[in-house]
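The numbering of the sequence shown is this note's numbering, which starts it at 0 and goes up by one. Inspection log for the structure reproduced underneath, given as structure tokens.
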Amino acid sequence: MAYHITLIPGDGIGPEVTEATRRVLEATGVAFQWELAYVGATAQDKFGTLLPDSVLASIRQNRVALKGPVTTPVGSGFRSVNVALRKKLGLYACLRPAKVYPGAPSLYKNVDLVVVRENMEDLYSGIEFEKGTPEATRLIEFISETKGETLSKDSGFSLKVISEMCSRRIVKFAFDYARTNHRKKVTAVHKANIMKFSDGLFLSVAREVAMEYPDIGFEDRIVDNMNMQLVQKPHLYDILVAPNLYGDLLSDLCAGLIGGLGLAPGANLSDDIAIFEPTHGSAPRYAGLNKVNPMAMMLSGVMMLRHLGEEKSADRLETAIAEVIAEGKNVTYDLNPKMPNETVGTSQVADAVIAKLSS
Ligand code: NAD
Numbered sequence: 000m001a002y003h004i005t006l007i008p009g010d011g012i013g014p015e016v017t018e019a020t021r022r023v024l025e026a027t028g029v030a031f032q033w034e035l036a037y038v039g040a041t042a043q044d045k046f047g048t049l050l051p052d053s054v055l056a057s058i059r060q061n062r063v064a065l066k067g068p069v070t071t072p073v074g075s076g077f078r079s080v081n082v083a084l085r086k087k088l089g090l091y092a093c094l095r096p097a098k099v100y101p102g103a104p105s106l107y108k109n110v111d112l113v114v115v116r117e118n119m120e121d122l123y124s125g126i127e128f129e130k131g132t133p134e135a136t137r138l139i140e141f142i143s144e145t146k147g148e149t150l151s152k153d154s155g156f157s158l159k160v161i162s163e164m165c166s167r168r169i170v171k172f173a174f175d176y177a178r179t180n181h182r183k184k185v186t187a188v189h190k191a192n193i194m195k196f197s198d199g200l201f202l203s204v205a206r207e208v209a210m211e212y213p214d215i216g217f218e219d220r221i222v223d224n225m226n227m228q229l230v231q232k233p234h235l236y237d238i239l240v241a242p243n244l245y246g247d248l249l250s251d252l253c254a255g256l257i258g259g260l261g262l263a264p265g266a267n268l269s270d271d272i273a274i275f276e277p278t279h280g281s282a283p284r285y286a287g288l289n290k291v292n293p294m295a296m297m298l299s300g301v302m303m304l305r306h307l308g309e310e311k312s313a314d315r316l317e318t319a320i321a322e323v324i325a326e327g328k329n330v331t332y333d334l335n336p337k338m339p340n341e342t343v344g345t346s347q348v349a350d351a352v353i354a355k356l357s358s
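Okay, structure coming up:
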């Protein structure tokens with residue numbers, strides 16, 4: 000019987016990497032019935048809304064979606080549809096593995112990290128007060144009255160919200176993931192030395208949760224130090240759990256450790272719904288050029304196959320992708336930066352992976 004999956008091509012480079020991924024997933028022999036769905040600017044053009052209810056209904060019904068990146072305007076314009084999707088569906092955990100495949104242009108040989116990012120709160124709360132508005136002025140007055148701090152009248156605000164409930168849930172998720180996947184250690188990443196009531200809360204909850212998992216190692220790192228440690232000795236780390244913003248930043252840093260965003264997959268999960276999508280964004284300047292690497296999305300597809308219980312097909316597809324990387328003949332520009340003229344396009348990578356699957 001075919002798996003019903005909501006397929007969101009996204010925009011920018013999204014449709015190209017999604018199509019390449021759909022092709023390799025079908026080549027595994029697993030049967031899929033794709034339910035096409037549009038969000039973001041594409042949905043705005045087609046249906047006059049950024050996030051149609053029908054898309055949420057489709058994902059709720061199928062419980063699994065595969066999603067390409069979606070553009071969010073920078074600085075002004077509409078708010079992120081990616082964040083809205085995660086929030087509306089309660090996808091509280093973002094899982095982003097970062098593993099070096101032999102042949103990838105990485106400075107390291109043995110990186111095998113997993114970033115577990117809290118997806119619901121922190122500076123992504125979306126609670127903001129624009130400079131000069133009556134609300135911002137009231138907030139400045141309130142802070143002056145309660146804290147004795149005089150803030151500049153032209154200040155804008157974005158609220159960092161960290162709750163005990165969300166912190167406990169994400170740290171438990173990280174430890175459970177460690178147990179199920181035979182991992183040894185969880186590192187909580189924070190800035191609790193400075194933000195005592197938000198990151199401090201996250202850290203104290205993480206320490207409490209760690210006591211419930213005596214079989215898994217636990218330590219914490221201040222986020223700035225964590226960045227340096229990851230660049231100098233990434234092999235010392237295993238699972239990193241962090242509030243939303245640090246989790247996002249660490250994900251891209253970890254992508255840089257393994258050869259770039261073109262190799263960094265991801266999943267957004269609740270207890271019963273999962274959306275699989277690469278870590279990278281819509282890279283608009285490469286849109287429609289058949290140029291970018293579809294492997295981050297293909298590896299997200301591998302994660303999806305594992306989630307569906309299709310372990311053998313997941314292993315086969317991951318091996319096929321790894322072989323294409325190792326051979327280095329049919330890879331995109333990012334995997335062969337020294338010889339960009341010797342590289343291929345997005346759809347040719349899919350051809351090469353499919354050839355490996357059927358060899
Ligand atoms: P980006 O990830 O789109 O691109 C940054 C750079 O990384 C690109 O210029 C390119 O050099 C490289 N890159 C990205 N994907 C690649 C691939 N598959 N193969 C090879 N190289 C690749 O980040 P950005 O430019 O900061 O953001 C562009 C847009 O994407 C923004 O609107 C942002 O909001 C959005 N975005 C969406 C998501 C999502 O849909 N989940 C995630 C991140 C960013």
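Backbone N, C-alpha and C fix where the C-beta goes; we use that ideal spot for every residue, glycine too. As the structure is a prediction and not an experimental result, all values here were calculated from the model.
Simplified DSSP assignment, three categories, for residue i
i	result
P233	helix
K184	strand
H3	strand
D121	strand
D271	coil
K159	coil
K98	strand
L65	strand
V38	coil
N360	One cannot answer for residue 360 here, as it falls past the ends of the chain, which runs 0 to 358.
G261	helix
G9	coil
Y245	helix
K152	coil
F77	coil
F196	coil
K337	coil
V330	coil
Cβ-based burial, residue i [other Cβ within 10 Å; buried from 16]
i	result
L235	exposed
I58	buried
N180	exposed
T186	buried
P101	exposed
R178	exposed
N329	buried
A36	buried
V352	buried
N340	exposed
N192	exposed
S166	buried
K66	buried
S151	exposed
Sequence-distant residues of its chain with Cβ nearer than 7 Å to residue i (five each side left out)
i	result
T70	D10, G11, G39, A40, S281, P283
T48	A42
F156	E127, F128, A135, L138
I320	M294, M297, L298, V352
A83	L50
P233	Y107, V110, L112, L256
Residues that DSSP places opposite residue i in a beta bridge
i	result
H189	I221
Q32	H3
V54	Beta-bridge pairing links V54 to no other residue.
I238	V113, V185
E127	S157
A266	L94, F275
G216	K184
Same chain, Cβ closer than 6 Å to residue i, five either side skipped, listed in chain order
i	result
G259	D333
S124	L158, V160
E148	I142
M225	V188
D153	K130
L112	A97, Y236, C253
Close Cβ partners of residue i (< 8 Å) along its chain, the five nearest in sequence each way excluded
i	result
I257	A97, K98, V99, Y100, A103, S105, Y107, V110, A263
message: Using 8 Å as the cut-off, can you tell me whether the segment 204 to 215 makes contact with the segment 88 to 96, which would need three or more C-beta pairs spanning the two stretches below that distance?
response: no
task: State whether the segment 271 to 280 contacts the segment 289 to 297, with contact taken as three or more CB pairs (one from each stretch) at a distance under 8 Å.
output: yes
message: Taking 8 Å as the cut-off, does the segment 285 to 292 touch the segment 10 to 26 (at least 3 CB pairs, one atom from each stretch)?
response: yes
- request: Would you be able to state if there are at least three C-beta pairs under 8 Å between the segment 165 to 176 and the segment 237 to 244?
  value: yes
task: Please determine if the segment 313 to 326 and the segment 22 to 39 are in contact, where contact requires at least 3 C-beta pairs separated by less than 8 Å.
output: yes
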